[in-house]
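Engineer:
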Amino acid sequence: DVQPGVNIVIGAGTEIIAGEGAILTAGGIDSHIHFICPQQIEQALMSGVTTMIGGGTGPATGTKATTCSPGPWHIGRMLQAAEAFPMNLGFLGKGNASLRLPLREQVAAGAMG
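In terms of UniProt numbering, the sequence shown opens at residue 1 and continues consecutively.
Take a look at the structure:
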């Protein structure tokens, strides 16, 4: 069915998928994640979230949870662990350096912000 007043341009870059009999919606983005356990991903997927952005270093409790992954080594390990999950994941580096080199190292390691 076509909704009145909705004009969507379909061009060469448009991917058309068969959606008969289905409800298709955009996935949600959670932009403040403390990556403390892999079970968060399953719960997020079941609620419609398809992208998670945040940080951390893996399992943590209480005040040890963080929204940044400190340094290239931790970012690399988080990216490596993320390969196992059907979720768009973005990891934030630790941005409290006053020099550019540590920030560049984190971006080169895969931090998205």
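Glycine included, C-beta positions come from ideal geometry on N, C-alpha and C.
1) By the 10 Å Cβ neighbour count, where 16 or more other Cβ atoms means buried, how is Ala12 classified, buried or exposed?
2) Look at Ala60 and Thr66 and say whether their C-beta atoms are less than 9 Å apart.
3) Can you pull the DSSP bridge partners for Ser69?
4) Kindly indicate which three-state DSSP category Gly5 falls into: helix, strand or coil?
5) Note down the Cα distance separating Ala81 from Ile17, rounded to an integer number of angstroms.
Structural biologist: Looking at the atomic coordinates:
1) To locate residue 12, count along the sequence shown from 1; it is residue 12. Exposed.
2) For the purposes of this step, residue 60 is taken as the residue at position 60 of the sequence shown. For the purposes of this step, residue 66 is taken as the residue at position 66 of the sequence shown. Annotated as proximal: Ala60 and Thr66, with beta-carbon spacing under 9 Å.
3) As a first step, residue 69 is located in the sequence shown; it is residue number 69 there, counting from the start. Answer by DSSP bridge pairing, in chain order: Gly93.
4) By one-based count along the sequence shown, residue 5 stands at place 5. In this structure, Gly5 counts as coil in the three-state DSSP scheme.
5) Within the sequence shown, residue 81 is the residue found at index 81, counting from 1. Within the sequence shown, residue 17 is the residue found at index 17, counting from 1. For Ala81 and Ile17, the distance between alpha carbons rounds to 30 Å.
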